[in-house]
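With the working numbering, you'll find the sequence shown wraps up at 866, consecutive numbering, no jumps. Encoded as structure tokens, the structure appears first; notes follow it.
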Amino acid sequence: MTDEFFMRRALDLAALGLGTTRPNPLVGCVVVGPDGTIIGEGYHQQYGGPHAEVNALARVENPELLRQSRVFVTLEPCAHHGKTPPCADLLIAHGVPEVIVCNDDPNPLVSGRGLEKLRAAGTKVSTGLLAAEGRVLNKRFFTFQEKKRPYIVLKWAESADGFLAGPHFQAVQISGPQAGLLTHKWRTEEAAILVGTRTALHDNP
């Protein structure tokens, strides 16, 4: 199995936290033992709860193996005390010799400090594995941290002759079933929905 395989598994795990971790990012972690197999994995499940690294390391049956293992994590391990202790410190305390990171963390509270702390402790660190996929997964987090605004999805449905509703604003079906499914998916993934005044008054969504 390749490094890409393990990081993709970590990304798949991270996605399981969608809708329960915000404003925190989605993070997954995979521990690969000295024999090249996964011996522990986890993800950040809810805001304020243990981070992905904590959950993954806790599932390793023999902690002594961590000193010969590689850790794949989708976002730079934190180096500050927030609602939980720093994950960089946890990895160092367990003697993990190598950490492979998908994306650097743009949060000013982290912003390279986790990587620096690991390297200062002698941990081999590499970043950027499947970075584009990681940015897509955490598009909300990266947009907020880098652009200081929410991630925005615009949905517009219009009839072929340029109308948004029927006569006297009665509701009519404009979008097809596939668009409807996609719209409901978006609604479940986002923290807020903004509609126009007339939509609120006439459709009472």
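Even for Gly, the Cβ is constructed at its ideal location relative to N, Cα and C.
*asked:* Let me confirm a value: Asp766 is counted as buried when at least 16 other C-beta atoms fall within 10 Å, else exposed. Which label applies?
replied: The sequence position of residue 766 within the sequence shown is 105, counting from 1. It is buried - the Cβ of Asp766 has at least 16 other Cβ atoms within 10 Å.
_If we require 3 or more residues per run, which beta strand (DSSP E) segments fall completely within the stretch 717–757?_
731–736
*Are the stretch 808–817 and the stretch 766–780 in contact at 8 angstroms, needing three or more beta carbon pairs?*
As far as the Cβ criterion goes, the stretch 808–817 does not touch the stretch 766–780, which means the pair count is below three.
*Starting from Thr844, trace the alpha helix (DSSP H) both ways and give me its first and last residue.*
Mapped onto the sequence shown, residue 844 falls at position 183. Per DSSP, Thr844 belongs to the alpha helix (DSSP H) from 838–850.
*Measuring CA to CA, which of Gln729, Cys748, Val762 is closest to Arg796?*
One-based indexing of the sequence shown puts residue 796 at position 135. Closest option to Arg796, Cα to Cα, is Val762.
*Just how far apart, CA to CA, sit Gln806 and Asn799?*
Here residue 806 is taken as the residue at index 145 of the sequence shown, counted from 1. Here residue 799 is taken as the residue at index 138 of the sequence shown, counted from 1. Taking the straight line from one Cα to the other gives about 11 angstroms.
*asked:* In the DSSP output, which residue or residues are listed as bridge partners for Gly689?
replied: Stepping through the sequence shown from its first residue, residue 689 is reached at position 28. Beta-bridge pairing links Gly689 to Tyr704.
*Between the beta-carbon of Asn685 and the beta-carbon of Phe802, is there less than 9 angstroms?*
As a working mapping, residue 685 is identified with position 24 in the sequence shown. As a working mapping, residue 802 is identified with position 141 in the sequence shown. Yes. Within cutoff.
*Under a three-way DSSP split, which group does Val715 fall into?*
Position 54 of the sequence shown, counting from 1, holds the residue named residue 715. Correct three-state label for Val715: helix.
*Residues sharing a beta bridge with Lys785, DSSP*: Walking along the sequence shown from the start, residue 785 turns up at place 124. Partner(s): Glu759.
*Does the Cβ-Cβ distance between Glu722 and Ile700 come in under 9 angstroms?*
Looking up residue 722 in the sequence shown gives position 61. Looking up residue 700 in the sequence shown gives position 39. For Glu722 and Ile700, yes; Cβs fall inside 9 angstroms.
*Tell whether a beta-carbon distance below 9 angstroms holds between Ala675 and Thr735.*
For the purposes of this step, residue 675 is identified with residue 14 of the sequence shown, where counting begins at 1. For the purposes of this step, residue 735 is identified with residue 74 of the sequence shown, where counting begins at 1. Annotated as proximal: Ala675 and Thr735, with beta-carbon spacing under 9 angstroms.
_Glu794 versus Cys690, Gly689, Asp664, Leu672, residue with shortest Cα-Cα distance_ = As a working mapping, residue 794 is identified with position 133 in the sequence shown. Ranking Cys690, Gly689, Asp664, Leu672 by Cα distance to Glu794 puts Leu672 first.
_Restricting to Cα atoms, I'd like to know which of Glu737, Ala749, Cys690, Ser836 is closest to Thr788._
Taking the first residue of the sequence shown as position 1, residue 788 is located at position 127. It is Glu737 whose Cα lies nearest to the Cα of Thr788.
*Distance, Leu862 Cα to Met662 Cα*: Taking the first residue of the sequence shown as 1, we reach residue 662 at position 1. Taking the first residue of the sequence shown as 1, we reach residue 862 at position 201. Their Cα atoms are separated by approximately 56 angstroms.
_Pop quiz: Met668 and Leu790 are said to be a contact at Cβ under 8 angstroms. What is the actual Cβ separation, rounded to whole angstroms?_
By one-based count along the sequence shown, residue 668 stands at place 7. By one-based count along the sequence shown, residue 790 stands at place 129. Yes, Met668 and Leu790 are in contact; Cβ-Cβ is about 5 angstroms, under 8 angstroms.
*In terms of residues, what are the limits of the alpha helix (DSSP H) holding Thr804?*
Translated into positions along the sequence shown, residue 804 becomes position 143. Here the alpha helix (DSSP H) through Thr804 covers 800–808.
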